[in-house]
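*Asks:* Residue numbers for the sequence shown, in the numbering used here: 30 to 134.
Note that beta-carbon positions come from the ideal geometry of N, C-alpha and C, so glycine has one too.
Before we start, here is the structure in question, set down as structure tokens.
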Amino acid sequence: MCFFFHSRLWARIKQLEVHQALLTERVDMLNARIEQLEAEVRSGIVVNPQLQQFLESKIGQYISISTSSVTVLGTVLAVGTDAVEIRETSGDIVIIPFSQISVVQ
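The structure is reproduced here in structure tokens:
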């Protein structure tokens, strides 16, 4: 009887150790995310990987980007982690921070 109890206890301990490792990994991931968000707040640069990826897929294509004050029409030249570079039909090059973009078409 004692052996059976010991085996069950040992199995439960192992199960809890696995659970603890998963929780520790999750806490580490959340801490890294908090640090990233704090850095974004301090710098004013907001990382938007979905927008960056979408705009990267549009390099060389003609698009429309709207901000709160203006709509820019032109060809996507380059995309950074926080801004996009557009060549307007006039030939002017415009850099638009992601934080200012409200609509992309």
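For a test of the three-state rule: what should DSSP assign to residue 105, helix, strand or coil?
*Replies:* strand
*Asks:* DSSP three-state label for residue 88, please.
*Replies:* Three-state DSSP puts residue 88 in a strand.
*Asks:* So that I know if they touch, is there some Cβ in chain C lying closer than 8 Å to that of residue 104?
*Replies:* Here chain C cannot be found, since the structure has a single protein chain.
*Asks:* From what residue to what residue does the beta strand (DSSP E) around residue 125 run?
*Replies:* 122-126
*Asks:* Could you name the residues that DSSP lists as bridge partners for residue 118?
*Replies:* In the DSSP secondary-structure assignment, residue 118 is not bridged to any residue.
*Asks:* Taking residue 121 and residue 75 to be in contact with their CB atoms under 8 Å, please state how far apart those CB atoms are, rounded to whole angstroms.
*Replies:* Not quite, the Cβ-Cβ distance comes to about 25 Å (not below 8 Å), so this is no contact.
*Asks:* Is it right to say residue 84 is buried, meaning 16 or more other beta carbons lie within 10 angstroms of its own, or is it exposed?
*Replies:* buried
*Asks:* I think residue 117 touches residue 124, with their Cβ atoms under 8 Å apart; what is that distance to the nearest whole Å?
*Replies:* Not a contact, Cβ separation roughly 12 Å.
*Asks:* Cα separation between residue 78 and residue 105?
*Replies:* 17 Å
*Asks:* Looking at the structure shown, is residue 72 part of a helix, part of a strand, or coil, going by DSSP?
*Replies:* helix
*Asks:* Mapping DSSP to helix, strand and coil, what is residue 36?
*Replies:* helix
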